[in-house]
Every structure is written in C-alpha cells, then in structure tokens.
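Numbering (UniProt numbering), first residue to last: 1 to 34. For every residue, glycine included, the Cβ atom is placed at its ideal position computed from N, Cα and C.
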C-alpha cells in the first residue's frame, strides 16, 4: 500500500504551487477586468 502513496504526495506537491500561481494570477487580473 506504500507504493501508491509517494505518487499522490508527489502530485500534491506539484499541484500546490501551480494552484497558488493561478490564484495569484486571478487576483492580479481581477482589478483590471472590473
């Protein structure tokens, strides 16, 4: 059962900065569109 876990942790570590980056982009572009 430990063979599948590292992949999940790896994907989460990759997705977290990407989601944070997208959130920053959205926050930066929101005032321009409004």
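- Message: In this structure, how does DSSP classify residue 13 when only helix, strand and coil are distinguished?
- Response: What you label residue 13 is simply residue 13 of the chain shown in a count that begins at 1. Secondary structure of residue 13 (DSSP, three-state): helix.
- Rounded to whole angstroms, what's the CA-CA distance from residue 8 to residue 30? Just pull it up for me. The residue you call residue 8 lines up with position 8 of the chain shown. The residue you call residue 30 lines up with position 30 of the chain shown. Distance between the alpha carbons of residue 8 and residue 30: 32 Å.
- Message: Is residue 17 a contact residue of the ligand ZN, with contact defined as CB to any heavy atom under 7 Å?
- Response: Among the ligands in the structure shown, none appear at all, so the ligand ZN cannot be discussed.
- Message: In whole angstroms, give me the CA-to-CA distance for residue 67 and residue 21.
- Response: Because the chain is modelled from 1 through 34, residue 67 falls outside the range shown and cannot be assessed.
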